[in-house]
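J.: Residue 10 in full-length UniProt numbering sits at position 10 of the sequence shown, with consecutive numbering throughout. Backbone N, C-alpha and C define an ideal beta-carbon position, used for all residues, glycine too.
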Amino acid sequence: MTIKKYLLAAFACCGLLTGCKSDEPMSIKITHVNDTHSYFDEEAMQLELPDATGKPVATYAYVGGYPRLKTKIDELRNEALVEEKDFMLLHAGDAFAGTLFFTLFKGTLNAEFMNYFEFDAMVIGNHEFDLGNESLASFSKSVNFPLLSSNIKTKKRDPLHDEYLPFTVKLYDGKPVAIVGITTEYTEIISSPSDATKFLTAEKAAKKTVKALKSSGINKIIFLTHSGLESDIALAASVPGIDVIIGGHSPEVLGDHSNIGLGDQGPSPIMMTGPKGDPVCIMHSGEKAKAIGITDVEFSGGGVVESCSGQNVFLVGNVFAQGSPAELVDDDTYQNIYSFISSSNNIEIVEKDLTSQAMLEQAKAEVDAFTSTVVGIASEPLYHVRLPGDEHEDAGELVGGSMVGPHVALSMAEKMEQTSGQPYVAMMNAGGVRADLVGEITVGSAYSVMPFSSTVVSMSVTGESLVNTLSTNVANSYLISSVAFPYVANIHYTINLTDPESPKVENVLVKDENGVFQEIDLSARYYLATTSYLAGGGDLYSFDEAQDITDTGHVDADVLVQYVEGQTGGFVTNIDSGITIIK
1 MTIKKYLLAA FACCGLLTGC KSDEPMSIKI THVNDTHSYF DEEAMQLELP
51 DATGKPVATY AYVGGYPRLK TKIDELRNEA LVEEKDFMLL HAGDAFAGTL
101 FFTLFKGTLN AEFMNYFEFD AMVIGNHEFD LGNESLASFS KSVNFPLLSS
151 NIKTKKRDPL HDEYLPFTVK LYDGKPVAIV GITTEYTEII SSPSDATKFL
201 TAEKAAKKTV KALKSSGINK IIFLTHSGLE SDIALAASVP GIDVIIGGHS
251 PEVLGDHSNI GLGDQGPSPI MMTGPKGDPV CIMHSGEKAK AIGITDVEFS
301 GGGVVESCSG QNVFLVGNVF AQGSPAELVD DDTYQNIYSF ISSSNNIEIV
351 EKDLTSQAML EQAKAEVDAF TSTVVGIASE PLYHVRLPGD EHEDAGELVG
401 GSMVGPHVAL SMAEKMEQTS GQPYVAMMNA GGVRADLVGE ITVGSAYSVM
451 PFSSTVVSMS VTGESLVNTL STNVANSYLI SSVAFPYVAN IHYTINLTDP
501 ESPKVENVLV KDENGVFQEI DLSARYYLAT TSYLAGGGDL YSFDEAQDIT
551 DTGHVDADVL VQYVEGQTGG FVTNIDSGIT IIK
């Protein structure tokens, strides 16, 4: 359907009601989340909250979860009614992927929760394509709200065709507000859309859509985007007619949260001036349903944002622990914490919605059973140690080092090759691997190997940078901590330990597109897959002059599960680590 047909349909609906009142002022309370990634359950999180003396200290609390989210949404919906404001509930993309809930239920549990919460719209994020277009189309059919993207184009033969809209028009007592979707243009290389799916540039699609909306008399336009904060800022600066941007795809929880130990993440909201001088309000609310975004907007009758206030609120339970080892706080400390939270505008103790909690408990029971699902078999015990030559309690000395680490690295490389069509190398730290693979490999055992829920990050690095990273972290492994030792995929390298005080990396080879290992070209660029932990500097890793850094959001353990399932007959065999030791 063309933009013109969408507009005709919207205004036909408007006419059937009370007639469109485009020139009247509006007050809207926008409640929003983004990048929830199927984190339906609460998570323990470290905050800074007062101790018995009032001093801020490391405190553990349960944060987020859909049962708390539903309670807060209901409260805000009622608040809007009392304040005589219109209410809108939006999701800025990436509801899919991230947890075992998604691995088991695909999109169905997201649909059940989101229908119960009564979302008004959701933009399609890149992870909505992780299971392909047919799965996303099925999700679209199962939800009671529109999926949006103005820059996605599908061919008629594609199952997703006609299952999403470029925008939707909400009517509040006849007053129309347009919500326009934008999806990151990089979806083609970080997820799995069909070859019948194309992604236009955000600016091009936005200008075309805004022009059509404005020419039809709609002057209040909200963009619901999944392209990252930097892209949202660029969009606001380049496209006239945008009033509000509710965004996702990057992890910012806008606002100053230093009072709870989470730092200052910039203005909340970010106020900008569009190309024609009108204000544009931008808000993001973080990830994993830990916080909820609340954005109150006042529109003039002419569609200009007269005021915009935004606040992200972390939703916490009423159980707190402090100390090392952490212990539940005493009554005096609890009262200090309670008083502090009550006086803060960015954190709130929220009870769980009982219906949502019952839905979650049923899902958790099914996930618990699912973790015992066998996905493959280790054809021989695959043991893990950190350094080549370390002793394993069951296997003795492992001259080649970990037998699990190389598989983890290869799983990341193959995942990125499948989604991008480009050859990849991969790097995994020894400390990120936490278990052996012996006998039957279950979903649970894969998550025991990779328990930290890191995600796969893609980047482009030079051959020189790769050699430097290997050299630095091999040296760190032997001289500082073995957790940093780099296991690799599609790379061979030699470690010279003739001088134990100065380990050296030599003879680095990279697998070419024909499967042949060739001497690394220091000036060439290579695609590298690694974990978000290492990409963020964990274990002192650094990737000099890396470009095109993209967190794909694929959870490393889930990638390992898919890798095991993809082995012939489900059998995982010992493979060459590619590492040679000279002593």
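Please report the distance separating the alpha-carbon of H284 from that of D35.
T.: Position 284 of the sequence shown, counting from 1, holds the residue named residue 284. Position 35 of the sequence shown, counting from 1, holds the residue named residue 35. Their backbone Cα atoms lie some 10 Å apart in a straight line.
J.: Could you round the C-beta distance between I260 and I270 to whole angstroms and report it? I think they count as a contact, below 8 Å.
T.: Working through the sequence shown from its first residue, we reach residue 260 at position 260. Working through the sequence shown from its first residue, we reach residue 270 at position 270. That pair is no contact at about 21 Å.
J.: According to DSSP, is A80 part of a helix, a strand, or is it coil?
T.: Translated into the one-based positions of the sequence shown, residue 80 becomes position 80. Note: A80 maps to helix in three-state DSSP.
J.: Buried or exposed: which applies to F571, given that a residue is buried once 16 or more other Cβ atoms fall within 10 Å of its Cβ?
T.: Position 571 of the sequence shown, counted from the start, is the residue given in the question as residue 571. By the neighbour-count rule (16 or more Cβ atoms within 10 Å), F571 is not buried but exposed.
J.: Are there 16 or more other CB atoms within 10 angstroms of the CB of L514, so buried, or fewer, so exposed?
T.: Counting from one through the sequence shown, the residue named residue 514 turns up at place 514. The residue you asked about is not Leu; residue 514 is Asn in the sequence shown. Result: exposed.
J.: My guess is that L69 and I242 are in contact by the Cβ rule of under 8 Å, so how many angstroms apart are they, rounded?
T.: Taking the sequence shown and counting its residues from 1, the one referred to as residue 69 is at position 69. Taking the sequence shown and counting its residues from 1, the one referred to as residue 242 is at position 242. Actually they do not touch by this definition, with Cβ atoms about 27 Å apart.
J.: Could you give the DSSP three-state label for L470: helix, strand or coil?
T.: Numbered from 1 along the sequence shown, position 470 holds the residue referred to as residue 470. It is helical.
J.: What did DSSP end up calling D368 once you bin it into helix, strand or coil?
T.: Within the sequence shown, the letter at position 368 stands for residue 368. It is helical.
J.: Just the Cα atoms here: how many angstroms apart are Y478 and S460?
T.: Indexing the sequence shown from 1 puts residue 478 at position 478. Indexing the sequence shown from 1 puts residue 460 at position 460. Cα to Cα, Y478 sits roughly 27 Å from S460.
J.: Considering only the alpha carbon of each residue, which of I520, F102, F96 lies closest to V123?
T.: Locating residue 123 in the sequence shown gives position 123, where the first residue counts as 1. Ranking the options by Cα distance to V123, first place goes to F96.
J.: Using three-state DSSP, classify residue 624 as helix, strand or coil.
T.: The displayed coordinates of the chain run from 1 to 583. Any statement about residue 624 would go beyond what the structure contains.
J.: To test your reading of the DSSP string, which unbroken alpha helix (DSSP H) runs of 4 or more residues are found completely within the segment 43-108?
T.: DSSP runs (the alpha helix (DSSP H)) wholly in the segment 43-108: 66-82, 100-105.
J.: Given a cut-off of 8 Å, decide if K415 and H554 are closer than it, judged by their beta-carbon atoms.
T.: The residue given as residue 554 occupies position 554 in the sequence shown. The residue given as residue 415 occupies position 415 in the sequence shown. Yes.
J.: Between the C-alpha atoms of S482 and V433, what's the straight-line distance to the nearest angstrom?
T.: Locating residue 482 in the sequence shown gives position 482, counting from the first residue. Locating residue 433 in the sequence shown gives position 433, counting from the first residue. Roughly 12 Å separates the two Cα atoms.
J.: Between V443 and the rest of its own chain, which residues show a CB-CB distance below 8 Å, the 5 nearest in sequence each way excluded?
T.: Residue 443 sits at position 443 when you count from the first residue of the sequence shown. Correct list, in chain order: L100, T103, F370, T371, S372, T373, V375, V561.
J.: Under 6 Å Cβ to Cβ from I549, same chain only, skipping five residues before and after it: list those, please.
T.: For the purposes of this step, residue 549 is taken as the residue at position 549 of the sequence shown. Excluding positions up to five away in sequence, the list reads M459.
J.: Measuring only the C-alpha atoms, how far is M1 from D162?
T.: Against the sequence shown, residue 1 aligns to sequence position 1. Against the sequence shown, residue 162 aligns to sequence position 162. Residue confidence is low: M1 scores 47 on pLDDT, short of 50, so the model does not pin down where it sits. Its coordinate-derived value is still stated next. One C-alpha to the other measures close to 7 Å.
J.: Just list the alpha helix (DSSP H) runs in the segment 292-348, keeping only unbroken ones of 4 residues or longer that don't cross its boundaries, in chain order.
T.: You should have 331-342.
J.: Buried or exposed for A80, going by 16 or more other Cβ atoms inside 10 Å?
T.: On the sequence shown, position 80 is the one that residue 80 refers to. Its Cβ being crowded by 16 or more others within 10 Å, A80 is buried.
J.: Could you pull out every residue in the same chain whose Cβ sits closer than 8 Å to the Cβ of residue 586, ignoring the five residues on either side in sequence?
T.: Look at the range of the chain in this structure, 1 to 583, and you will see that residue 586 is not part of it.
J.: By the three-class DSSP mapping on this structure, what secondary structure does N110 have?
T.: Start at 1 with the first residue of the sequence shown, and residue 110 comes out as number 110. It is helical.
J.: Distance check for V305 and G421, CA to CA, integer angstroms please.
T.: For the purposes of this step, residue 421 is taken as residue 421 along the sequence shown, with counting starting at 1. For the purposes of this step, residue 305 is taken as residue 305 along the sequence shown, with counting starting at 1. If you take the alpha carbons of G421 and V305, they lie about 44 Å apart.
J.: Which of the three DSSP states, helix, strand or coil, is assigned to Y493?
T.: One-based indexing of the sequence shown puts residue 493 at position 493. Strand.
J.: Between the Cα of D551 and the Cα atoms of F340, E43, S453, V510, which residue gives the shortest distance?
T.: On the sequence shown, residue 551 is found 551 positions in, with the first residue counted as 1. It is S453 whose Cα lies nearest to the Cα of D551.
J.: Taking C308 as the reference, which of E327, P279, V316 has the closest Cα?
T.: Along the sequence shown, read from residue 1 onward, the residue named residue 308 stands at position 308. The residue with the shortest Cα to Cα distance from C308 is P279.
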